[in-house]
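These protein sequence lines map, in sequence, to chains A and B. Counting in our numbering, the final residue of the first sequence is number 281, and the numbers go up one at a time with none missing. Counting in our numbering, the final residue of the second sequence is number 281, and the numbers go up one at a time with none missing. For glycine and all other residues, C-beta sits at the position ideal for the given N, C-alpha and C. Here the structure is a predicted model, which means the values were calculated and not measured. Written out below as structure tokens is the structure these notes cover.
Protein chains: 2
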Amino acid sequence: MHATAAQVTLFPRADKPRPARPVLRDVTPHARSCTSCSLRKICMPVDVEGAQAQQMFRDLVTTRIRLHKGDVLFRAGDRFTALYSVRVGSCKTVTLTDDGSEQVSGYHLPGEIIGVEGIGNDVHAARAIALEDTEVCVMPFDRVQQLAHEDASFQRQLYRLLSTAIVRERSATTMLGTMRAEQRLATFLLDLSNRYQVRGYSSTEFVLRMTREEIGSHLGLKLETVSRLFSRFDEEGLVEVQGRVIKLRDRIGLQQLLCAS
Amino acid sequence: MHATAAQVTLFPRADKPRPARPVLRDVTPHARSCTSCSLRKICMPVDVEGAQAQQMFRDLVTTRIRLHKGDVLFRAGDRFTALYSVRVGSCKTVTLTDDGSEQVSGYHLPGEIIGVEGIGNDVHAARAIALEDTEVCVMPFDRVQQLAHEDASFQRQLYRLLSTAIVRERSATTMLGTMRAEQRLATFLLDLSNRYQVRGYSSTEFVLRMTREEIGSHLGLKLETVSRLFSRFDEEGLVEVQGRVIKLRDRIGLQQLLCAS
DNA sequence: CGACTAGTTGAGGCCAGTCAATGTTGGTGG
DNA sequence: CCACCAACATTGACTGGCCTCAACTAGTCG
Numbered sequence: 021m022h023a024t025a026a027q028v029t030l031f032p033r034a035d036k037p038r039p040a041r042p043v044l045r046d047v048t049p050h051a052r053s054c055t056s057c058s059l060r061k062i063c064m065p066v067d068v069e070g071a072q073a074q075q076m077f078r079d080l081v082t083t084r085i086r087l088h089k090g091d092v093l094f095r096a097g098d099r100f101t102a103l104y105s106v107r108v109g110s111c112k113t114v115t116l117t118d119d120g121s122e123q124v125s126g127y128h129l130p131g132e133i134i135g136v137e138g139i140g141n142d143v144h145a146a147r148a149i150a151l152e153d154t155e156v157c158v159m160p161f162d163r164v165q166q167l168a169h170e171d172a173s174f175q176r177q178l179y180r181l182l183s184t185a186i187v188r189e190r191s192a193t194t195m196l197g198t199m200r201a202e203q204r205l206a207t208f209l210l211d212l213s214n215r216y217q218v219r220g221y222s223s224t225e226f227v228l229r230m231t232r233e234e235i236g237s238h239l240g241l242k243l244e245t246v247s248r249l250f251s252r253f254d255e256e257g258l259v260e261v262q263g264r265v266i267k268l269r270d271r272i273g274l275q276q277l278l279c280a281s
Numbered sequence: 021m022h023a024t025a026a027q028v029t030l031f032p033r034a035d036k037p038r039p040a041r042p043v044l045r046d047v048t049p050h051a052r053s054c055t056s057c058s059l060r061k062i063c064m065p066v067d068v069e070g071a072q073a074q075q076m077f078r079d080l081v082t083t084r085i086r087l088h089k090g091d092v093l094f095r096a097g098d099r100f101t102a103l104y105s106v107r108v109g110s111c112k113t114v115t116l117t118d119d120g121s122e123q124v125s126g127y128h129l130p131g132e133i134i135g136v137e138g139i140g141n142d143v144h145a146a147r148a149i150a151l152e153d154t155e156v157c158v159m160p161f162d163r164v165q166q167l168a169h170e171d172a173s174f175q176r177q178l179y180r181l182l183s184t185a186i187v188r189e190r191s192a193t194t195m196l197g198t199m200r201a202e203q204r205l206a207t208f209l210l211d212l213s214n215r216y217q218v219r220g221y222s223s224t225e226f227v228l229r230m231t232r233e234e235i236g237s238h239l240g241l242k243l244e245t246v247s248r249l250f251s252r253f254d255e256e257g258l259v260e261v262q263g264r265v266i267k268l269r270d271r272i273g274l275q276q277l278l279c280a281s
């Protein structure tokens with residue numbers, strides 16, 4: 021039982037304290053409002069009615085936060101004060117398991133909202149870390165609540181946000197409970213592809229922002245297994261893998277992997 | 021009265037259409053209000069203030085539904101109209117996976133609320149089935165929403181309900197992603213034990229209401245593995261297993277299983 | 001009784017984990 | 001600019017945990 025350095029610190033970037041500013045908060049003085057945001061349809065697809073509610077919606081985002089690769093947005097146990105929406109870049113969320121190890125619970129692309137799991141307890145249940153240089157919008161939760169109270173369609177959207185998080189987590193559960201390794205990785209790639217497409221990026225060619233180990237952690241696999249599968253998918257012509265650059269070559273083939281027992 | 025003669029594959033009870041009443045809805049004419057319910061502290065731990073809100077809280081549950089073993093409370097795809105709280109008995113929820121198979125996503129004891137995953141989409145994402153003769157309270161969601169709008173502490177409770185569902189699903193994900201078979205089963209038993217204890221039942225001796233196959237489905241294991249593990253736990257003196265009757269003999273030992281790599 | 005469901009146990013195989021060696025990439029300082 | 005180092009990634013050999021297939025028992029119900 022030799023504890024190598026690698027074993028102790030599973031995600032080194034995550035824990036490495038940045039000098040003098042673990043989280044840097046560059047406040048944009050006149051934050052552009054959600055109303056005119058290009059990500060609005062993805063992030064907050066809602067039609068707020070009434071002058072007062074519209075004003076509140078404009079003022080929903082008070083600040084933006086710039087994160088460098090590896091910076092921590094919030095930690096498990098931090099007081100929950102706001103929801104965060106990814107504007108540029110991407111993040112991962114990491115959950116501590118009972119036995120002390122960590123698991124990547126999700127990857128978050130532009131337009132996706134982070135932090136919902138903290139709503140009930142006033143405390144965040146996960147750690148959020150930037151995978152690259154990233155900018156997030158801060159929506160203070162008291163403002164969110166006030167707007168939800170004022171406007172019914174925003175209230176609906178907030179409920180939708182929470183319940184889709186439940187459904188997403190559940191589908192992750194069924195994936196881990198029923199699928200084999202190749203199916204999990206195929207699911208992961210197809211999911212990423214879809215999400216990029218929705219955002220107007222290429223659905224067939226993208227760059228993975230996370231390591232093999234992080235992918236494996238998310239899928240309940242070891243990094244070697246992930247690496248081997250990438251190689252095999254490449255050989256079989258399903259995808260083309262060059263390091264972190266992924267090109268989907270045979271989407272149908274990937275989807276068929278899922279049907280197979 | 022009694023369900024019989026089913027064959028099929030995975031969950032025969034679930035798919036068998038009951039004659040003329042797939043779901044039976046015995047409306048209790050004067051449903052007792054939540055205010056005086058013995059399960060209230062577990063089910064709805066909230067202090068509603070104000071006369072009007074208190075009245076709405078009293079009228080929250082309109083009807084109760086009696087279910088026999090195997091009866092379906094709602095199906096995946098059913099329109100979402102209400103939250104349900106288990107009053108007596110127990111239920112399982114079953115989720116359809118992408119490839120058509122099914123997985124048990126949860127077991128629900130008295131005082132637990134079912135159906136939250138439907139809130140956002142107006143549609144239930146799972147099927148809920150009674151594991152024994154069961155009674156559930158119906159909370160029509162429009163009433164829930166109105167009360168949440170009226171009373172801040174109830175609104176909080178509703179958020180808490182949703183976010184704890186997220187956290188629970190996530191911990192299931194980490195369980196399936198990181199634990200080995202024996203750890204999953206130990207986790208399952210300890211979790212049940214805790215939940216029974218909170219409800220005032222014995223935490224060391226209880227009856228499993230589900231089959232080995234259903235347990236396995238929930239834990240991402242095959243029924244044979246579950247059976248073997250029960251036998252092994254029994255041999256090792258961790259638990260005493262007599263069919264579905266479980267007696268925890270060495271709680272510490274079970275907990276230590278979780279720490280071990 | 002026979003038919004059926006639930007559960008237990010055994011034998012064998014395969015998928016993914018483990019351990020280990022090696023190759024590749026990217027950031028940093030001289 | 002290059003050299004260097006650490007992190008990341010690939011690949012191979014081997015192991016073992018869980019699945020699969022199968023036989024058998026016990027209990028239930030018509």
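Is the separation between the beta-carbon of residue i and that of residue j shorter than 9 Å?
i	j	result
Tyr127(B)	Arg264(B)	no
Asp142(B)	Phe94(B)	no
Cys111(B)	Leu80(B)	no
Ala145(A)	Val92(A)	no
Val66(A)	Ser173(A)	yes
Leu268(B)	Ser223(B)	yes
Arg215(A)	Cys157(A)	no
Gln175(B)	Gln165(A)	yes
With distance defined between alpha-carbon atoms, name the residue in the options nearest to residue i.
i	options	result
Ile186(B)	Leu268(A), Gly135(A), Glu225(A), Asp171(A)	Gly135(A)
Ser237(B)	Thr83(B), Thr245(B), Val124(B)	Val124(B)
Phe78(B)	Asp142(B), Arg86(B), Val68(B)	Looking at the sequence shown, residue 78(B) is not Phe but Arg. Checking every option, the nearest Cα to that of Arg78(B) belongs to Val68(B).
Thr154(B)	Ser213(B), Arg204(B), Asp119(B), His88(B)	His88(B)
Gly240(B)	Ile235(A), Arg190(A), Ser251(A), Leu268(A)	Arg190(A)
Glu256(B)	Ile235(B), Thr231(B), Glu234(B), Ala206(B)	Ala206(B)
Leu59(B)	Gly131(B), Thr115(B), Gly109(B), Asp118(B)	Gly131(B)
Arg248(A)	Ala201(A), Thr113(A), Thr194(A), Arg271(A)	Ala201(A)
Thr14(A)	Ile235(B), Thr245(B), Ala192(B), Ile133(B)	With chain A covering only 21 through 281, there is no way to say anything about residue 14(A).
Gly120(A)	Glu225(B), Met76(B), Thr194(B)	Thr194(B)
Arg188(B)	Ala73(B), Asp270(B), Tyr104(B), Ile133(B)	Ile133(B)
What would DSSP say about residue i, mapped onto helix, strand or coil?
i	result
Val187(A)	helix
Lys61(A)	helix
His169(A)	helix
Tyr127(B)	strand
Thr113(B)	strand
Phe226(A)	strand
Phe94(B)	strand
Glu137(A)	helix
Ser105(A)	strand
Arg219(A)	coil
Pro49(B)	At Pro49(B) the pLDDT is 47, less than 50, meaning the model places this residue with poor confidence; the figure from the coordinates comes in the next sentence. It is coil, neither helix nor strand.
Arg84(A)	strand
Leu258(B)	coil
Met159(A)	strand
Ala148(A)	strand
Thr231(B)	coil
Leu241(B)	coil
Arg99(A)	strand
Quick one: Cα of residue i to Cα of residue j, how far?
i	j	result
Glu170(B)	Gln177(B)	13 Å
Val106(A)	Arg163(B)	34 Å
Cys63(A)	Arg219(A)	10 Å
Tyr179(B)	Glu137(A)	10 Å
Tyr221(A)	Leu210(A)	14 Å
Arg86(A)	Gly273(B)	47 Å
Ile253(B)	Leu151(A)	Looking at the sequence provided, one finds Phe at residue 253(B) rather than Ile. The straight-line gap from Cα to Cα measures roughly 43 Å.
Ala102(B)	Ile139(B)	9 Å
Gln262(A)	Phe208(B)	42 Å
Pro160(A)	Ala168(B)	20 Å
Val108(B)	Val259(A)	52 Å
Ile235(A)	Val246(A)	7 Å
Thr231(A)	Lys242(A)	12 Å
Arg204(B)	Gly197(A)	11 Å
**Study point:** Contact list for the segment 180 to 205 of chain A against chain B, Cβ threshold 9 Å
**Key:** Arg180, Leu181, Leu182, Ser183, Thr184, Ala185, Ile186, Val187, Arg188, Glu189, Arg190, Ser191, Ala192, Thr193, Thr194, Met195, Leu196, Gly197, Thr198, Met199, Gln203
Check your understanding: What are the residues of the segment 150 to 178 of chain B that lie near chain A, defined by any Cβ-Cβ distance shorter than 9 Å?
Key -> Gln165, Ala168, His169, Ala172, Gln175, Arg176, Gln177, Leu178
Practice item. Give the residues from the segment 97 to 126 of chain A that approach chain B closer than 7 Å (Cβ to any Cβ), ordered along the chain. Key: Thr115, Thr117, Asp118, Asp119, Ser121, Gln123, Ser125
Point to revise | chain A contacts from the segment 65 to 86 of chain B (Cβ-Cβ distance under 8 Å) | key: none
Practice item. Select from the segment 268 to 279 of chain A all residues with a C-beta closer than 7 Å to any C-beta belonging to chain B, and list them in chain order. Key: Leu278, Cys279
Review point. For the segment 124 to 148 of chain B, which residues have a beta carbon sitting closer than 8 Å to at least one beta carbon of chain A?
Key: Ser125, Val136, Glu137, Gly138, Ile139, Gly140, Asn141, Ala145, Ala146
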